[in-house]
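Residue numbers (my numbering), protein chains in the order written: chain A, 17 to 322; chain B, 181 to 402.
Below: the structure, in structure tokens.
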């Protein structure tokens, strides 16, 4: 099922996506008592980088050159599957969230391949960590989804969110809170935020996401940064949809509530980043497995409640 | 009631994953508070007995015992990190498995008692199992005491969710409480750490018949 107005709204989300990292940075700057970079900093960065040429190392192959495009377009395709502003997703069918998760997976796969392709030992380390953490985060996403499927007996993410109501939250508050919490952790993991990964660090030994894109420059870096912003918007949308779905509102009000929700998610991420120190690498798997455990507790709670 | 049971299950997961003794002790104390509140949700009318049980529970499990344990921790001068036989990530995974097993058991359970809330029963079983797991897989006598406390909490929760009034299970829980008290006294009074220089239970082998080279195991654990 393809719906045209949803595509427009989805495009708007994609265009506005680089705003959210700006909001996160502003929140962090507020906590640190600084002025911080302007809200539109990522736009400036992307425009600046698009005007430059990319430089490739001699050891790289074609994989490094196509990876930014694969990353960007798989992320954009994934964005089409996400319900934006409480409307049906631009494209929806039964089981579409699995496609969504693995479109993002393709992007990640190419990012890892490209990191290995450069032949840098540090990038290999980052690639290994990225693969481990995202593999651990996957169950959290899917067990949370199982809870929603059990609640609504639908298998398409748009249909699930359409059927979620405020009552379903009231009936099982604990279950939904657990799912929301575990998805919040998934959001932090997938977008390489503190406490999993620090987007600002450039210390080789502890970088995860940043180290993998270390060899990119110019236009390629712009594409990857943009794809990262869209990915953040995708996960924020999923979370906002989960928490705020079910209101009966007119379209302008819907858009407003949705935008407020997205900003709120960014601000929460900013607060988390300002108040929690980054975990030691050894403790990260424990934390991510813990988020999966939350989702499984939610599932068992849901199943035993019926 | 489900929310409290959920919190209980989460504290168990945190216990399985925590690497600090002090954090673990606080977690068990928090569990004590939750357990104290639990009886209030089981019955509609709150009698004197329920309030008394709540106060005893909170007083004993979240104030007295944690205080004793913290004291034992500081006086024995042990390293405040837990040294598990099974890693923390694997412990949490095992916890998830145990939770699934508890769900399965409760699903298959045929009881004549009226189950007030299935998830509370699952949480009770899960606490019971994770207490056993902590007992088996943690090295220090102190963490084993914590495991024992969690096990006992599990018995209490199970009892509460099976019968609305005080049942045999609760009596059993109180008995186990006394036993934990004695166990703690053992640590406090006999000062195992003074005698053996450590409270690592797996190194209590000086009196055993098996000739174990203590020097080796000390090297291995450093």
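The C-beta atom is built at its ideal place from N, Cα and C for all residues, glycine as well.
According to DSSP, simplified to helix, strand and coil, what is residue i?
i, result
"residue 304/A", "helix"
"residue 251/B", "helix"
"residue 184/A", "helix"
"residue 179/A", "helix"
"residue 39/A", "helix"
"residue 212/A", "coil"
"residue 107/A", "strand"
"residue 268/A", "helix"
"residue 74/A", "coil"
"residue 320/B", "strand"
"residue 295/B", "coil"
"residue 289/A", "helix"
"residue 205/B", "helix"
"residue 288/B", "helix"
"residue 369/B", "Low confidence applies to residue 369/B: its pLDDT is 49, below 50, so where it sits in the model is not reliable enough to give any reading."
"residue 18/A", "strand"
"residue 263/B", "coil"
"residue 200/B", "strand"
"residue 62/A", "helix"
"residue 246/B", "helix"
"residue 260/A", "helix"
Kindly give me the distance between the Cβ atoms of residue i and residue j, rounded to whole angstroms, as I take these residues to be in contact under 8 Å.
i, j, result
"residue 84/A", "residue 258/A", "Not really, about 30 Å apart at Cβ, beyond 8 Å."
"residue 103/A", "residue 25/A", "6 Å"
"residue 172/A", "residue 90/A", "Rounded, the Cβ-Cβ distance is 20 Å, inconsistent with contact."
"residue 156/A", "residue 253/A", "So it is not a contact: roughly 17 Å between Cβ atoms."
"residue 106/A", "residue 23/A", "4 Å"
"residue 245/B", "residue 331/B", "Not a contact, Cβ separation roughly 14 Å."
"residue 151/B", "residue 215/B", "Because chain B here runs from 181 to 402, residue 151/B falls outside it and cannot be looked at."
Taking only the alpha-carbon atoms, compute the straight-line gap between residue i and residue j and give it to the nearest angstrom.
i, j, result
"residue 395/B", "residue 222/A", "Caution is warranted here: a pLDDT of 47 is assigned to residue 395/B, below 50, making its placement in the model unreliable, and no coordinate value can be reported."
"residue 289/B", "residue 301/B", "10 Å"
"residue 207/A", "residue 305/A", "17 Å"
"residue 292/A", "residue 286/A", "10 Å"
"residue 213/A", "residue 205/A", "8 Å"
"residue 285/B", "residue 337/B", "15 Å"
"residue 263/A", "residue 274/A", "11 Å"
"residue 311/A", "residue 43/A", "28 Å"
"residue 210/A", "residue 40/A", "11 Å"
"residue 154/A", "residue 354/B", "42 Å"
"residue 185/A", "residue 296/B", "22 Å"
"residue 203/A", "residue 272/B", "20 Å"
"residue 99/A", "residue 33/A", "15 Å"
"residue 194/B", "residue 325/B", "17 Å"
"residue 142/A", "residue 149/A", "11 Å"
"residue 242/A", "residue 74/A", "26 Å"
"residue 29/A", "residue 249/A", "7 Å"
"residue 179/A", "residue 71/A", "49 Å"
"residue 309/B", "residue 289/A", "35 Å"
"residue 316/A", "residue 187/B", "13 Å"
"residue 235/B", "residue 185/B", "19 Å"
"residue 21/A", "residue 267/A", "11 Å"
"residue 134/A", "residue 299/A", "28 Å"
"residue 197/B", "residue 302/A", "7 Å"
For chain A, find out if any of its Cβ atoms is closer than 8 Å to the Cβ of residue i; answer yes or no.
i, result
"residue 338/B", "no"
"residue 333/B", "no"
"residue 186/B", "yes"
"residue 354/B", "no"
"residue 311/B", "no"
"residue 274/B", "no"
"residue 183/B", "yes"
"residue 238/B", "no"
According to the neighbour-count rule (16 or more other Cβ atoms, all chains shown, within 10 Å of its Cβ), is residue i buried or exposed?
i, result
"residue 183/A", "exposed"
"residue 335/B", "buried"
"residue 229/A", "buried"
"residue 255/B", "exposed"
"residue 276/A", "exposed"
"residue 211/B", "buried"
"residue 49/A", "exposed"
"residue 369/B", "The pLDDT assigned to residue 369/B is 49, lower than 50, so where the model puts this residue is not dependable, and the model offers no usable value."
"residue 82/A", "exposed"
Give a yes or no on whether the minimum CB-CB distance between residue i and chain B is below 8 Å.
i, result
"residue 302/A", "yes"
"residue 194/A", "yes"
"residue 294/A", "no"
"residue 189/A", "yes"
"residue 317/A", "yes"
"residue 122/A", "no"
"residue 320/A", "yes"
"residue 306/A", "yes"
"residue 144/A", "no"
"residue 309/A", "yes"
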